[in-house]
Amino acid sequence: MIPLLYCGNENVFDGMLISLLSITKYTKTPLEVFVLTMDLSDMNAKWRPVRKEQTDYLEKIIQRVNPDSVIHLADVSDLFRTQMSGSPNLNTSYGPYTLVRLFADEVPGLPDKILYLDTDTVAHDDLTPVFNIDMTGCEYAAAIDYLGKIFIRYDYQNAGVLLLNMAFIKQTGFFERVRECCRTEKMAFPDQSAMNKYRSRKMFLPVKYNEQRRLHKNTVIQHFCKSIRLLPFYHTVNVKPWEIERMHSIYHIHAYDDILEKYTACKRQLEHYGPLIES
Numbered sequence: 696m697i698p699l700l701y702c703g704n705e706n707v708f709d710g711m712l713i714s715l716l717s718i719t720k721y722t723k724t725p726l727e728v729f730v731l732t733m734d735l736s737d738m739n740a741k742w743r744p745v746r747k748e749q750t751d752y753l754e755k756i757i758q759r760v761n762p763d764s765v766i767h768l769a770d771v772s773d774l775f776r777t778q779m780s781g782s783p784n785l786n787t788s789y790g791p792y793t794l795v796r797l798f799a800d801e802v803p804g805l806p807d808k809i810l811y812l813d814t815d816t817v818a819h820d821d822l823t824p825v826f827n828i829d830m831t832g833c834e835y836a837a838a839i840d841y842l843g844k845i846f847i848r849y850d851y852q853n854a855g856v857l858l859l860n861m862a863f864i865k866q867t868g869f870f871e872r873v874r875e876c877c878r879t880e881k882m883a884f885p886d887q888s889a890m891n892k893y894r895s896r897k898m899f900l901p902v903k904y905n906e907q908r909r910l911h912k913n914t915v916i917q918h919f920c921k922s923i924r925l926l927p928f929y930h931t932v933n934v935k936p937w938e939i940e941r942m943h944s945i946y947h948i949h950a951y952d953d954i955l956e957k958y959t960a961c962k963r964q965l966e967h968y969g970p971l972i973e974s
């Protein structure tokens, strides 16, 4: 099975739907998907957990391609509150849910190697080859951050796609150190900066596994994160896969139109019949 990890609250549903639709277009092997979430609605009404009916629906979607695919939903609210309640990084522009993946080592049942994906990633090819990468002696592998290499450090890595060596992470206590850093030290890009700080040995994924700029023929995963444009004037651009009109008008990308058509059809179906739909 292909093990995948997503994290977030109930608002990441659209992103996960598009991401999984794209993955199952190219990867026919059964998927084992883990979704980590937490309920912080007492702190912010928008911080509600991913719901079981949402992952049930996503499971039905991926089982249309391979009936052996499965999705597991795990709530790490108690772990987060115990370890992160006083963190200065809870109210950054990224919010507390960027820290959820740091608790993966505390979740029972995760495989020794797993691919973490941000929910604004879209597959453009089969993911299977990435799992052939030898990660001996490394906690994780990640691609260079397109903007970070310019403004922070030449070898600064982007955490939107992470090949995690969970067995080694548990052995070294890597996530424990990163959590402690995020608990005590305010950072502009938590937990990405903390992971860059505490990694034991650098392992870089080819950019094709986390293409943050432009789609290329060999792109395997495109990551729709915030970017910078210099013309006609300096400005930031932040277009997400579910913003279909902006995807077309700003990025002029039509390579995912078939996937986005399926996404739109799913959304229409949900509006009419609710989240529990038989495939």
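Using this note's numbering, read the sequence shown as starting at 696 and increasing by one per residue. All C-beta atoms, glycine included, are put in the ideal place defined by N, C-alpha and C.
| Asked | Found |
| --- | --- |
| For the beta strand (DSSP E) that contains residue 731, what are its first and last residues? | 726 to 732 |
| DSSP state of residue 967, grouped into three classes? | helix |
| In the DSSP assignment, the beta strand (DSSP E) including residue 860 goes from what residue to what residue? | 856 to 860 |
| Specify, as a first and last residue, the run of the beta strand (DSSP E) that residue 932 falls within. | 930 to 932 |
| Starting from residue 719, follow the alpha helix (DSSP H) in both directions and report where the run begins and ends. | 708 to 721 |
| Considering only residues of the same chain and omitting the five flanking positions on each side of residue 935, which have a CB-CB separation below 6 Å? | 815, 919 |
| Whole angstroms is fine: what's the gap from residue 909's alpha carbon to residue 917's? | 8 Å |
| Hey, how far is the Cα of residue 973 from the Cα of residue 958? | Only weak support exists for where residue 973 lies, its pLDDT of 43 falling under 50; the coordinates are left without a value. |
| Along the chain, where does the alpha helix (DSSP H) containing residue 808 start, and where does it finish? | Segment 808 to 812 is the beta strand (DSSP E) holding residue 808; no alpha helix (DSSP H) there. |
| Relative to the C-alpha of residue 907, which residue among 777, 933, 884, 887 is closest? | 933 |
| Residues in the same chain with beta-carbon distance under 8 Å from residue 851, minus the five sequence neighbours each way, listed in chain order, please. | 839, 840, 843, 844, 891 |
| Could you pull out every unbroken alpha helix (DSSP H) segment of at least 4 residues lying fully inside the stretch 864 to 909, listed in chain order? | 869 to 879, 887 to 893 |
| Can you tell which of 859, 854, 813 has the C-alpha that lies nearest to the C-alpha of residue 832? | 859 |
| Return helix, strand or coil for residue 973, following the three-state DSSP convention. | Because the pLDDT of residue 973 is 43, which lies under 50, any placement of that residue in the model is unreliable, and the number read from its coordinates should be weighed accordingly. Coil. |
| Please state the DSSP three-state secondary structure of residue 767. | strand |
| Count the other CB atoms within 10 Å of the CB of residue 945; is the residue buried (16 or more) or exposed (fewer)? | exposed |
| Between which two residues does the beta strand (DSSP E) holding residue 776 run? | Unbroken run through residue 776 is the alpha helix (DSSP H), 772 to 779; no beta strand (DSSP E). |
| So, with DSSP's three-state summary, where would you put residue 699? | strand |
| Can the beta-carbon of residue 836 be found closer than 7 Å to that of residue 900? | yes |
| What is the rounded straight-line gap between the Cα of residue 727 and the Cα of residue 895? | 28 Å |
| In three-state DSSP terms, what is residue 944? | helix |
| Going by C-alpha to C-alpha distance, which of 761, 884, 764, 898 sits closest to residue 794? | 884 |
| Going by DSSP in three states, residue 792 sits in which element: helix, strand or coil? | helix |
| In the DSSP output, what is residue 817 paired with across the bridge? | 917 |
| Note the first and the last residue of the continuous beta strand (DSSP E) segment covering residue 923. | 922 to 924 |
| Tell me the rounded alpha-carbon separation between residue 722 and residue 937. | 21 Å |
| Could you tell me whether the stretch 794 to 809 touches the stretch 749 to 759, where touching means 3 or more Cβ pairs closer than 8 Å? | no |
| For the candidate residues 868, 904, 760, whose alpha-carbon lies nearest to that of residue 801? | 868 |
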